[in-house]
Amino acid sequence: MISPASAPITAPASTATRGRIGVLLVNLGTPDSPSTPDVRRYLNEFLTDGRVIDMPAAVRYPLFQGIVVPLRAPKSAKIYRQLWDERGSPLLYHGLDLQKLVQEKLGKDYLVAFGMRYQKPSIEAALQELRDAAVERIIVLPLFPQYAAASTGSVQEKVMELVKDWWVVPSISFISTFADDPGFINTFAALGLAEMQKRDYDHVVFSYHGIPERHVLKGSHKGYCKLGSCCASYNKNNRYCYRAQCFATSRLLAAAMGLNADQYTVTFQSRLQSRLRDPWLQPYTDEVLKEMPAKGIKNVLAFSPAFVADCLETTIEVGEEFKEMFEQAGGSHWQLVPSLNSHPMWVDAVADMVRRN
Numbered sequence: 001m002i003s004p005a006s007a008p009i010t011a012p013a014s015t016a017t018r019g020r021i022g023v024l025l026v027n028l029g030t031p032d033s034p035s036t037p038d039v040r041r042y043l044n045e046f047l048t049d050g051r052v053i054d055m056p057a058a059v060r061y062p063l064f065q066g067i068v069v070p071l072r073a074p075k076s077a078k079i080y081r082q083l084w085d086e087r088g089s090p091l092l093y094h095g096l097d098l099q100k101l102v103q104e105k106l107g108k109d110y111l112v113a114f115g116m117r118y119q120k121p122s123i124e125a126a127l128q129e130l131r132d133a134a135v136e137r138i139i140v141l142p143l144f145p146q147y148a149a150a151s152t153g154s155v156q157e158k159v160m161e162l163v164k165d166w167w168v169v170p171s172i173s174f175i176s177t178f179a180d181d182p183g184f185i186n187t188f189a190a191l192g193l194a195e196m197q198k199r200d201y202d203h204v205v206f207s208y209h210g211i212p213e214r215h216v217l218k219g220s221h222k223g224y225c226k227l228g229s230c231c232a233s234y235n236k237n238n239r240y241c242y243r244a245q246c247f248a249t250s251r252l253l254a255a256a257m258g259l260n261a262d263q264y265t266v267t268f269q270s271r272l273q274s275r276l277r278d279p280w281l282q283p284y285t286d287e288v289l290k291e292m293p294a295k296g297i298k299n300v301l302a303f304s305p306a307f308v309a310d311c312l313e314t315t316i317e318v319g320e321e322f323k324e325m326f327e328q329a330g331g332s333h334w335q336l337v338p339s340l341n342s343h344p345m346w347v348d349a350v351a352d353m354v355r356r357n
């Protein structure tokens, strides 16, 4: 006779013991408004993050809070006022739209929350929403296609910092990179092909947000990274190398759009000027585009595949500032491909990534 204590369990666990699966979508952040005080508050939080500015705290805080941010905030506020529209900050409302649509796609067995790494809605508030709902586990998706310690890594660190004080911590998993995800690639390619149907382009530029070279080297697996031909393939040794991921995304996008290697260029934008002569990933987009018209490249289609929602770095920097530079250098047409935002194909891609994890 088998005692009750040793009897095998054959029936599935009761659904009463299982909660929904929590999904936390996270993007970088945005000021509450384009006013100088709100922009200053946002920049203070962003630029004192030790993963963004990897200086000792004793140097970082007085330098940026005392000098850099007060000087930069009024200029940034002026640019944010160009970006703001009737719905407010595009990065925020596109994120909220995505949250709503992914929730509808995943259904009642999931609870999708949205937070920002800096400012509001906060990661803390989003996690609390999931905690209050007693979710069974949490899947965290930082909305940065290519892993970087200053973006995805910062989100992961913040999440772990917040949940360490919970008495009960559910299972938590991170989707750390989706640089080569088919749904991500196919959505961007579809948007690019739609633009290519409107006119003929001489060349395509894939412009990624820049990071300091030292950030790449600090994360190199056993010294694999040489900031060169090592990025020609995407493999287990450079899986989390930001530069390698950017080139991998570009190769896949080019293939999906039928481009050969001579028809596109990979560049890096948004570098901070440094008096310390600290090199950032190259080539720099602003320098490359100025040379193109003299080479006979007069019509350019530009992507910004490091971002999944339109924001200051896409709409203003790539869409307007680079366009002006290109035309001043003799170019005829510079066209930004819109970001993924809440495109139906992107909603499907996010839902699929969640289900697979």
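Note that full-length UniProt numbering has the sequence shown beginning at 1, numbered continuously upward. Backbone N, C-alpha and C define an ideal beta-carbon position, used for all residues, glycine too.
Put simply, of S35, G50, Q103, G88 the residue whose alpha carbon is nearest the alpha carbon of K75 is S35. Remark: C-beta atoms of A58 and G50 do not approach each other more closely than 9 angstroms. If you look at V337, you'll find it isn't in any beta strand (DSSP E); DSSP assigns it neither H nor E. Rounded to the nearest whole angstrom, the CA to CA distance from R137 to R20 is 8 angstroms. For the 9 angstroms CB-CB criterion, Q156 and P142 form a contact. At the C-beta level, Q82 and I316 come within 9 angstroms of one another. Check the Cα spacing between L259 and each of R239, A294, F206, M353: the tightest is with F206. Residue L253 holds the alpha-carbon nearest to the alpha-carbon of G192 among I175, F247, L253.
The DSSP-derived three-state label of M345 is helix.
The residue from D262, Q335, D180 with its alpha-carbon nearest to that of V300 is Q335.
By the criterion of a C-beta distance shorter than 8 angstroms, V204 is surrounded in its chain by G192, A254, M257, L259, Q263, Y264, T265, V300, L301, A302, F303, once the five residues flanking it on both sides are discounted. For H221 and R214, the gap between their C-alpha atoms comes out near 13 angstroms. The alpha-carbon separation between V354 and V347 amounts to approximately 11 angstroms. Judged by DSSP secondary structure, Q269 falls within the beta strand (DSSP E) whose first and last residues are 264-269. Per the coordinates, the alpha-carbon of A248 lies some 7 angstroms from the alpha-carbon of D180.
Assignment of D310 by DSSP, reduced to helix, strand and coil, places it in the coil class. Secondary-structure assignment with DSSP links G29 through a beta bridge to Y118. Annotation: R137 is outside any alpha helix (DSSP H); the continuous beta strand (DSSP E) that includes it extends over 137-142.
A straight-line Cα-Cα distance of about 22 angstroms links H343 and I139. Taking all protein chains shown into account, K164 has fewer than 16 neighbouring C-beta atoms within 10 Å of its C-beta and is therefore exposed.
Here H333 has N299 as same chain residues with Cβ atoms under 6 angstroms from its own Cβ, once five neighbours each way along the sequence are excluded.
DSSP places H215 in the uninterrupted alpha helix (DSSP H) bounded by 213-218.
The region 110-117 makes contact with the region 22-34; the number of CB pairs closer than 8 angstroms reaches 3 or more. Boundaries around F184 are those of the alpha helix (DSSP H), 182-196, since no beta strand (DSSP E) includes it. DSSP lists G88 as the beta-bridge partner residues of D85. With 16 or more other Cβ atoms from the protein chains shown falling within 10 Å of its own Cβ, A309 counts as buried. Here G95 carries a helix assignment [DSSP, helix/strand/coil]. Close CB contacts of S154 within its chain, under the 8 angstroms cut and outside five residues either way in sequence, are with D49, R51, V52, R117 (chain order). Residue burial is scored here from C-beta neighbours: V168 has fewer than 16 other C-beta atoms within 10 angstroms and is therefore classed as exposed. Rounded to whole angstroms, V216 and L127 show a C-alpha spacing of 30 angstroms. When the beta-carbon positions are compared, M55 and L63 come within less than 9 angstroms of each other. A Cβ-Cβ distance of about 11 angstroms is found for the pair F144 and P305, leaving them out of contact under the 8 angstroms criterion. In this structure, the beta-carbon distance from L289 to F268 does not fall below 9 angstroms. In this structure, the straight-line span from the alpha carbon of I175 to that of N357 is close to 8 angstroms.
In the structure shown, I21 falls within a strand segment according to DSSP collapsed to helix, strand and coil. Between Y224 and C231 the beta-carbon gap is near 10 angstroms, outside 8 angstroms, which marks them as no contact.
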